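**Q** This is the structure I have questions about; it appears just below.
Number of protein chains: 4
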Amino acid sequence: MGYTAAVAGASGYAGGELLRILLAHPSIEIGTLTAGGNAGSRLGEHQPHLLPLADRVLAETTADALAGHDIVFLALPHGQSGPIAEQLGENVLVVDCGADFRLTDPAAWEQFYGSPHAGTWPYGLPELPGAREALTGTRRVAVPGCHVTAATLAMFPGLAAGLVHPEAVVVAVTGTSGAGKAPKPHLLGSEVMGSAAPYGVGGGHRHNPEIVQNLSGAAGEPVTVNFTPVLAPMPRGILTTCSAPIRSGITTEQVRDAYQRRISDEPFVRLLPEGTWPTTAMTLGANATLLQVTVDEAAGRLVAIAALDNLTKGTAGGAVQSANIALGLSETAGLPVAGVAP
Amino acid sequence: MGYTAAVAGASGYAGGELLRILLAHPSIEIGTLTAGGNAGSRLGEHQPHLLPLADRVLAETTADALAGHDIVFLALPHGQSGPIAEQLGENVLVVDCGADFRLTDPAAWEQFYGSPHAGTWPYGLPELPGAREALTGTRRVAVPGCHVTAATLAMFPGLAAGLVHPEAVVVAVTGTSGAGKAPKPHLLGSEVMGSAAPYGVGGGHRHNPEIVQNLSGAAGEPVTVNFTPVLAPMPRGILTTCSAPIRSGITTEQVRDAYQRRISDEPFVRLLPEGTWPTTAMTLGANATLLQVTVDEAAGRLVAIAALDNLTKGTAGGAVQSANIALGLSETAGLPVAGVAP
Amino acid sequence: MGYTAAVAGASGYAGGELLRILLAHPSIEIGTLTAGGNAGSRLGEHQPHLLPLADRVLAETTADALAGHDIVFLALPHGQSGPIAEQLGENVLVVDCGADFRLTDPAAWEQFYGSPHAGTWPYGLPELPGAREALTGTRRVAVPGCHVTAATLAMFPGLAAGLVHPEAVVVAVTGTSGAGKAPKPHLLGSEVMGSAAPYGVGGGHRHNPEIVQNLSGAAGEPVTVNFTPVLAPMPRGILTTCSAPIRSGITTEQVRDAYQRRISDEPFVRLLPEGTWPTTAMTLGANATLLQVTVDEAAGRLVAIAALDNLTKGTAGGAVQSANIALGLSETAGLPVAGVAP
Amino acid sequence: MGYTAAVAGASGYAGGELLRILLAHPSIEIGTLTAGGNAGSRLGEHQPHLLPLADRVLAETTADALAGHDIVFLALPHGQSGPIAEQLGENVLVVDCGADFRLTDPAAWEQFYGSPHAGTWPYGLPELPGAREALTGTRRVAVPGCHVTAATLAMFPGLAAGLVHPEAVVVAVTGTSGAGKAPKPHLLGSEVMGSAAPYGVGGGHRHNPEIVQNLSGAAGEPVTVNFTPVLAPMPRGILTTCSAPIRSGITTEQVRDAYQRRISDEPFVRLLPEGTWPTTAMTLGANATLLQVTVDEAAGRLVAIAALDNLTKGTAGGAVQSANIALGLSETAGLPVAGVAP
């Protein structure tokens with residue numbers, strides 16, 4: 001084995017996916033599991049699909065309970081990671097699946113989250129330029145938001161190569177698990193089945209400033225992002241349609257070349273063969289992002305579409321990928337790349 | 001009663017929805033039902049939900065079978081309406097749910113449909129400026145495409161009022177019934193459940209030139225439209241997210257006012273209260289289009305979202321609405337405005 | 001019009017379906033709408049699909065608010081109808097969609113509901129022998145449980161005709177709306193999509209004694225009922241598979257004849273043509289129950305399957321059907337018999 | 001590695017699931033992939049979720065193409081395995097996911113499949129008494145039908161222990177992938193979403209005689225089985241509700257003890273804690289069967305419910321489990337036991 005990992009927030013969706021992945025990880029052993037309101041109960045009551053862990057009892061989420069492990073994965077509500085992380089030793093690898101340490105601009109944090117900014121950690125999207133260097137050897141990782149991973153991987157190659165003007169439009173169809181397990185009326189099965197429902201329209205979604213941050217970084221200039229998420233009747237999956245005005249004379253072939261160059265060595269990102277468009281079903285349970293790009297010549301726009309599983313590559317898989325890099329393990333260790341379909 | 005109606009293509013999804021609506025219509029009696037490959041069989045084998053018509057036997061789709069009615073609704077594959085319509089008398093009201101007579105530009109027709117252009121009929125979207133005048137008393141109606149109805153109703157008020165630059169981006173999440181009843185592997189339940197799947201990306205969808213035609217007409221100048229439909233796991237419903245660069249200084253309040261002015265007298269279009277976004281579930285089985293608009297100030301774009309039922313307001317309901325106008329009946333006769341939810 | 005109706009519990013699923021039906025009823029006008037926790041808010045916030053009623057404000061559920069109408073429909077949590085009904089005048093038609101007045105046996109009520117028995121009202125399943133007589137002119141109606149309507153209509157003809165031994169096995173696949181709108185973790189979309197989940201297994205479901213009551217009444221002897229409901233990923237619909245040991249020598253043809261005799265005059269029950277099995281999709285939004293029967297000769301059992309919409313024929317449609325009878329209106333007034341499909 | 005495996009029928013659902021499992025198997029290397037009509041195309045066109053195999057080209061399904069491997073998995077339409085198997089060497093381990101070699105009674109085969117009986121192979125349900133012995137070292141395995149695995153595992157412990165009379169009633173809610181990938185109208189997403197649909201009612205389903213065979217074998221006497229499958233709107237999963245008349249005086253505790261004794265050493269079968277009922281979501285993608293049992297005292301029946309994934313434990317996972325035994329590998333090698341949820 002070599003490493004032990006605690007998981008905070010083990011009864012939620014992100015926590016459950018972390019555990020599913022860690023169960024198959026060759027170098028990480030699952031240690032203490034913690035929860036908030038569910039502390040004291042068996043994991044099997046909350047995650048009955050994780051049979052081998054059914055009898056594990058959830059401890060309360062405290063720094064004491066999490067101490068003594070090589071790695072601590074935090075899958076907590078936004079704002080709760082900061083106080084816990086402060087109490088964990090500097091040599092512990094802390095991987096935060098929440099938003100607390102993602103943004104570099106304190107003003108953006110305060111505008112969208114309404115609380116003081118906790119700081120900025122190395123960013124867990126290894127596919128971004130410079131990210132692997134920052135992750136190697138780090139003991140703190142901020143895992144990106146699920147929508148952010150999809151939109152960033154779809155658009156940054158085009159922006160980094162200067163193919164488009166810095167004005168992106170992003171519409172993301174998403175499954176319901178991204179909204180978490182706390183029961184709310186609009187998330188009831190009766191409400192979501194048969195319905196497509198937009199939310200956070202017009203710039204209000206908390207993932208918006210994070211997409212702006214990533215794309216502006218890749219472009220080397222400020223990028224505007226008009227982002228609309230749409231809830232769809234499926235448990236998992238994000239299908240993100242991005243577009244931006246293409247620079248004069250750029251062809252689909254040139255776009256494909258630029259994307260291919262950027263991602264050809266990436267183990268978890270694929271540009272599909274021409275004519276095949278990604279779907280969320282292709283990625284269920286896999287740490288994979290599938291891409292396709294084209295130029296709409298009549299409208300003068302580059303269109304880039306990404307599909308991923310919001311809980312795997314969008315959260316827990318991405319977290320383990322970054323942890324692998326931080327620890328010097330093989331980046332692909334323990335990460336499934338084939339999806340579950342149909 | 002007063003009028004009799006034949007329905008061609010009665011075993012398909014559009015045909016079935018026409019019949020569901022006509023069963024409750026106070027002034028139209030259902031006459032002959034026809035089909036292609038299903039001719040000779042009982043309607044109950046194909047539309048078991050239409051209990052009162054279960055024992056009707058389907059005739060073959062010919063002009064002879066359809067003759068002798070006041071109204072003929074055509075719900076046929078694209079390209080088949082033209083030859084039939086030619087043989088129907090000039091005094092018969094022919095309402096075509098197919099694409100054959102929608103486009104005004106023969107070149108656009110030939111580019112997207114690959115066959116000679118059959119002509120152009122009065123356009124069955126009464127909410128467009130001048131449309132009711134053209135429909136009143138007509139004996140030929142071209143019903144718009146379902147995606148076209150949604151995108152047009154979402155964007156034309158903003159374009160007509162000069163609020164935005166003529167460059168629209170449209171991403172439409174759609175249920176599966178729009179793809180029809182002919183069995184294809186990618187439409188299997190096993191494939192569509194749990195998946196969001198884009199198609200016709202980059203300008204290739206046949207509804208694209210029709211959206212361009214409507215929006216350019218409303219704007220009084222050429223409008224570009226980058227259109228991406230995304231298949232989602234639901235039988236019915238279209239949720240269309242549209243955006244365009246907003247002209248300098250325009251506020252959300254001004255946008256709401258402009259939309260409200262345009263649609264305040266419309267019986268089948270509603271601008272929802274501020275803060276409420278339309279969902280497809282709100283419109284199931286109803287001849288209704290629900291709208292919401294806002295300005296994304298950081299991105300400088302107007303965002304307008306429309307929801308409708310692709311088979312009702314998007315096809316069969318819109319067809320009956322236009323037929324009502326053509327015949328001088330109340331425009332709302334027989335049309336449900338409350339949806340079926342949850 | 002003639003009659004006015006108040007609806008208590010208008011923000012819930014049963015209340016919403018009552019309103020959808022009443023909107024199209026030719027002789028009933030919608031009066032006061034009340035709610036519990038949602039009192040004071042607009043109906044449009046809770047039932048956005050009911051566009052014509054969007055601006056109605058919900059009153060608090062009190063006898064005073066409900067007074068002054070010809071009819072009061074109660075769609076309240078179990079146990080709340082009794083106290084309200086006591087305060088409503090004897091001349092008001094009170095139609096209770098809850099369980100309070102369904103059971104004749106106080107001991108059964110107390111065993112399954114754990115509170116004192118409120119009494120027994122005329123039973124709103126007109127298809128049962130003697131039921132229409134009891135309903136005619138009554139001012140109190142107890143609407144059956146949704147599972148009960150399906151299981152009773154599937155099995156009582158066979159029991160009444162003495163075709164089977166009085167030992168029924170009932171497995172009912174049901175949509176999620178029957179569980180109501182109060183948010184609970186196991187009803188989240190993320191949990192129900194992709195899952196079939198049994199509940200109340202082994203005799204514990206509250207509809208169990210009511211099925212026993214109906215079937216025993218029809219058989220003229222005690223009938224045992226082993227009932228298992230299974231939650232399936234659909235918003236509406238119940239598909240109930242019933243079976244019982246067939247008496248020696250009875251053939252499928254004899255069974256079909258017995259069923260056909262029993263229901264041939266029923267406006268809302270159909271025995272499908274031989275070889276066609278009912279599905280829930282055939283009944284969406286319709287006040288219809290579809291049946292099919294056969295004999296499994298190798299296993300020696302009659303199999304009877306019923307499909308209905310739990311909110312329509314299973315609750316709100318059945319309620320209006322009984323109200324029609326009570327008031328001396330046409331039994332079918334205002335009731336849709338064609339479903340919404342696909 | 002050690003072993004190589006060819007997969008015939010690699011473009012179908014069972015074939016795809018075999019490949020997903022084999023990709024993670026520590027001792028089996030994936031060799032030739034074959035198909036029927038899809039021969040000559042890339043696997044990625046049919047199984048886009050299997051990224052590591054996307055560029056594999058499908059050979060035609062012939063004995064020559066399959067030769068030269070240690071193992072051949074056959075995932076072919078019923079009736080096609082026999083002729084192929086005959087041409088494969090006696091030392092090749094042939095694992096047939098089809099029905100051809102499951103039944104011991106030629107008359108039952110001919111009645112349900114309408115063709116001459118090909119023979120009987122060792123039966124790939126290791127949990128049945130004596131099955132592991134028959135599988136050890138064999139070079140031919142007949143994998144059970146998916147419904148059969150669920151019904152057998154739910155009921156055989158009760159029958160083997162003499163707890164019930166030999167008259168089982170089985171109602172199985174099933175996802176759509178069991179019906180395969182050949183497009184048929186009733187399997188369209190538009191048809192299956194929102195619908196529960198019974199099929200093969202009354203003893204006609206081909207899995208019926210196989211359930212009878214297994215349960216009669218376990219009981220030591222003929223068992224009748226009234227079997228009703230119900231298609232539900234989910235891609236995968238079977239939830240099987242079984243019941244039978246309980247022998248006088250048997251309690252739930254005795255039943256739990258009998259089941260627990262029978263399966264306590266089984267790696268892939270779990271009796272859940274009392275009060276928890278299995279759901280299909282708990283088993284998605286896992287080689288697991290979850291059980292719960294109770295006694296309905298009022299109705300005098302034992303109720304046993306099983307959940308599994310029809311493509312994993314129900315087909316491909318069961319196939320690999322049996323192959324592991326046949327080859328002398330660890331029975332659990334390469335088999336996931338944690339599911340993918342939500």
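Residue numbers (the UniProt record's numbering), protein chains in the order written: chain A, 1 to 342; chain B, 1 to 342; chain C, 1 to 342; chain D, 1 to 342.
Every residue, glycine too, gets a C-beta built ideally from N, C-alpha and C.
Here the structure is a predicted model, which is why all the values come from computation and not from measurement.
1. Could you pull out every unbroken beta strand (DSSP E) segment of at least 3 residues lying fully inside the segment 252-314 of chain B, listed in chain order?
2. Under a CB-based cut-off of 8 Å, is M282 of chain D close to chain B?
3. Report the residues of the segment 39-63 of chain B with a CB closer than 9 Å to any CB of chain C, ordered along the chain.
4. Quick one: complete alpha helix (DSSP H) runs, 4+ long, within the segment 174-260 of chain C?
5. For E297 of chain C and chain D, any beta-carbon pair shorter than 8 Å?
6. If the criterion is Cβ atoms closer than 8 Å, does the pair L272 of chain C and L290 of chain C meet it?
7. Could you give the distance in angstroms between the alpha-carbon of G137 of chain B and the alpha-carbon of P122 of chain C?
8. Nearest CA to the CA of V143 of chain D: which residue from D:Q254, D:E127, D:A319?
9. Of all Cβ atoms in chain A, is any one closer than 8 Å to the Cβ of V169 of chain C?
10. By the three-class DSSP mapping on this structure, what secondary structure does A8 of chain A have?
11. Taking CB distances under 8 Å as the criterion, tell me whether G285 of chain D reaches chain A.
12. Can you pull the chain B neighbours of A219 of chain C, defined as C-beta to C-beta under 7 Å?
13. Since A218 of chain D and L153 of chain D are thought to touch, with beta carbons under 8 Å apart, how far apart are those beta carbons, to the nearest angstrom?
14. How is the beta strand (DSSP E) around T34 of chain C delimited, first residue to last?
15. Note down the Cα distance separating G40 of chain A from D96 of chain A, rounded to an integer number of angstroms.
16. Taking all protein chains shown into account, decide if D105 of chain B is buried (16 or more other Cβ within 10 angstroms of its Cβ) or exposed.
17. So with CB distances below 7 Å, who are the chain C contacts of T241 of chain A?
18. Quick one: does W109 of chain B have its CB under 8 Å from some CB of chain A?
19. If you follow the beta strand (DSSP E) that F73 of chain A is in, where does it begin and where does it stop?
20. Rounded to a whole number of angstroms, what is the C-alpha to C-alpha distance between T32 of chain D and L74 of chain D?
21. Okay, do the segment 180-190 of chain B and the segment 203-217 of chain B touch, 3+ Cβ pairs below 8 Å being the bar?
22. In chain order, what residues of the same chain lie with their CB nearer than 6 Å to the CB of Q47 of chain B, ignoring the 5 residues before and after it?
23. So, using beta-carbon positions, are A244 of chain D and V164 of chain D closer together than 8 Å?
24. Ends of the alpha helix (DSSP H) at A154 of chain C?
25. Does the Cβ-Cβ distance between I211 of chain B and V225 of chain B come in under 8 Å?
26. Counting contacts by CB-CB distance shorter than 8 Å, is S177 of chain B in contact with chain D?
27. State yes or no: is the beta carbon of P267 of chain A nearer than 8 Å to at least one beta carbon in chain D?
28. Expressed to the nearest angstrom, what Euclidean distance is found between the alpha-carbon atoms of A131 of chain C and N214 of chain C?
29. In the DSSP assignment, what are the bridge partners of R42 of chain A?
30. At the 8 Å Cβ level, is P119 of chain C part of the contact set with chain A, yes or no?
31. Cβ of Y199 of chain A less than 8 Å from any chain C Cβ?
32. Just the Cα atoms here: how many angstroms apart are N38 of chain D and G44 of chain D?
33. Looking at C-beta atoms only, is the number of pairs between the segment 12-29 of chain C and the segment 323-332 of chain B that lie closer than 8 Å three or more?
34. What residue range does the alpha helix (DSSP H) around H320 of chain B cover?
35. Since L51 of chain D contacts R262 of chain A with CB under 8 Å, what's their CB separation in whole angstroms?
36. Rounded to whole angstroms, how far is the Cβ of A232 of chain C from the Cβ of A304 of chain D, which I believe are closer than 8 Å?
**A** With the structure as the only source:
1. 269-271, 289-296, 301-308
2. So no, M282 of chain D is outside the interface.
3. Within the segment 39-63 of chain B, R42, G44, E45, Q47, P48, H49, L50, L51, P52, L53, A54 place their CB atoms closer than 9 Å to a CB of chain C, listed in sequence order.
4. Counting only runs of 4 or more, we get 189-192, 208-219.
5. yes
6. yes
7. 54 Å
8. Of the candidates D:Q254, D:E127, D:A319, D:A319 places its Cα closest to the Cα of V143 of chain D.
9. no
10. strand
11. yes
12. Within 7 Å Cβ-Cβ: nothing; A219 of chain C doesn't reach chain B, min ~29 Å.
13. Not quite, the Cβ-Cβ distance comes to about 10 Å (not below 8 Å), so this is no contact.
14. 28-35
15. Roughly 23 Å separates the two Cα atoms.
16. exposed
17. Neighbours of T241 of chain A on chain C: none; closest Cβ ~22 Å, over 7 Å.
18. So, not an interface residue.
19. Segment 71-74, the beta strand (DSSP E) holding F73 of chain A.
20. The alpha-carbon atoms of T32 of chain D and L74 of chain D are separated by roughly 12 Å.
21. no
22. G16
23. yes
24. 146-160
25. yes
26. Yes, S177 of chain B lies at the interface with chain D (some Cβ there is under 8 Å from its Cβ).
27. Among the residues facing chain D, P267 of chain A is not included, as its CB has no counterpart in that chain under 8 Å away.
28. 11 Å
29. A:V57
30. The sequence as given places Gly at residue 119 of chain C; Pro does not occur at that position. Answer no: the Cβ-Cβ gap between G119 of chain C and chain A never drops below 8 Å.
31. no
32. 11 Å
33. no
34. In the sequence as presented, His is not what sits at residue 320 of chain B; that position holds Val. Start and end: 317-327.
35. Not quite, the Cβ-Cβ distance comes to about 18 Å (not below 8 Å), so this is no contact.
36. 20 Å between Cβ atoms; not a contact.
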